[in-house]
Amino acid sequence: MLERRAMFCTKCGTTVNQEMRFCPKCGADQTAVAGAAAPAAGPTTYDYKVECKPSYSYAQVVLQAGQSIRAESGAMVAMSPSIKLTSKMEGGLMGALKRIVTRESLFQSTFTAHGSAGEVLLAPPLPGDVEGIELNNQSYMVQASSFLAGDPLMSVETKFGGMKSLFSGEGLFFIQIRGTGLVLVSSFGAIVKRTLVAGEKYIVDTGHIVAFEDTIQYTLRKASEQGWLRSVVSGEGVVAEYTDPGTIYLQTRNLQAFTGQLIPLLPTQSSGGFRLGG
């Protein structure tokens with residue numbers, strides 16, 4: 036198990052430096068535990084539930100004393116007084132540049148329960164669903180806009196998805212999450228889970244991908260077997276064909292298609308107002 040560098044007051048849970056003799060908050064003598072490591076990071080499992088599924092979902096995460104969860108900036112809806120928030124730029128300058136190209140927040144927030152258990156409510160910016168994925172020494176590829184929160188001990192890296200990702204409309208980069216622990220992903224619309232067995236194939240419109248296990252391979256192809264023209268006029272165009280064992284998480288709505296429906300309704304200089312209907 037990893038050790039934390041900080042020390043915590045054994046009485047109230049406040050973070051204290053190693054050279055401090057007394058806790059700055061409650062005044063408890065720290066000499067009896069000087070040089071000791073901080074308490075364990077908490078249980079490896081999280082007490083959480085997702086409410087208001089599937090249209091306006093949020094995650095209620097109960098943290099035990101000393102336990103933390105990392106979330107996207109702006110994801111917090113509410114929290115208990117015992118929850119302390121810290122925010123920092125993950126990965127330094129290069130990490131910040133990668134997060135810019137994936138349209139993620141430059142900073143990520145870490146919520147930690149100090150002294151006693153507490154809850155934090157987390158929600159995505161768009162109306163839609165939230166799903167918890169329990170990783171067990173696994174790796175998932177997650178759409179950049181779909182990562183909501185996760186265990187801070189897991190590896191979170193921005194990965195180049197290849198040129199096929201650009202042509203598929205998914206964007207050039209994914210977030211690769213590796214390790215053991217909880218990941219919370221979000222969607223536009225409801226989340227649908229599909230698990231593929233060996234040799235099974237599954238075809239997905241590229242605008243509906245939330246996350247997939249990286250044991251799964253995928254290729255891009257035209258939606259219709261009758262040719263590119265039929266694929267384009269069908270409104271589908273390019274689709275992703277997934278194969279090999281693993282789990283895929285899909286969203287029932289496509290944000291790009293939704294915004295395309297809204298654009299004709301937006302006010303223009305000539306109209307001066309919203310236009311409804313055809």
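Here my numbering is used: the first residue of the sequence shown is 36, the next is one more, and so on. Just so it is clear, CB atoms sit at the ideal spot from N, CA and C, and this is done for glycine as well.
{"query": "How would you label Met176, buried or exposed, when you count the other beta carbons within 10 angstroms and need 16 or more for buried?", "result": "buried"}
{"query": "Give me the residue from Glu235, Leu188, Leu231 with the minimum Cα distance to Arg213.", "result": "Leu188"}
{"query": "Taking the alpha carbon of Val245 as the point to measure from, which residue in Ile298, Leu231, Glu107, Ala225 has its own alpha carbon closest?", "result": "Ala225"}
{"query": "I'd like to confirm the pairing. Which residues does DSSP put opposite Ser122 in its beta bridges?", "result": "Ser144"}
{"query": "Can you give the Cα-Cα distance for Glu169 and Thr80, rounded to whole angstroms?", "result": "9 Å"}
{"query": "Roughly how many angstroms separate the alpha carbons of Glu38 and Ile298, rounded to a whole number?", "result": "Legend: pLDDT at Glu38 = 36, less than 50; position of this residue unreliable, no value from coordinates given."}
{"query": "Are the beta-carbon atoms belonging to Ala152 and Gln99 less than 9 Å from one another?", "result": "yes"}
{"query": "Would you call Arg105 buried or exposed, if buried means 16 or more other Cβ atoms sit within 10 Å of its Cβ?", "result": "buried"}
{"query": "For the segment 235-251 against the segment 176-186, do three or more pairs of beta-carbon atoms, one drawn from each stretch, fall closer than 8 Å, so that the two count as touching?", "result": "yes"}
{"query": "Can you list, in chain order, the residues of its chain whose CB lies under 6 Å from that of Thr287, leaving out five sequence neighbours each side?", "result": "Gly224, Ala225"}
{"query": "Using C-beta distances below 7 Å, list every residue in its chain close to Gly216, excluding the 5 sequence neighbours before and after it, in chain order.", "result": "Thr79, Leu170, Gly185, Asp186, Leu188, Met189"}
{"query": "Can you tell which of Leu301, Tyr91, Val97, Leu120 has the C-alpha that lies nearest to the C-alpha of Glu154?", "result": "Val97"}
{"query": "Locate the alpha helix (DSSP H) running through Phe293, then write down its first and last residues.", "result": "290-297"}
{"query": "Exposed or buried, what is Phe208 when buried is set at 16 or more other beta-carbons lying within 10 Å of its beta-carbon?", "result": "buried"}
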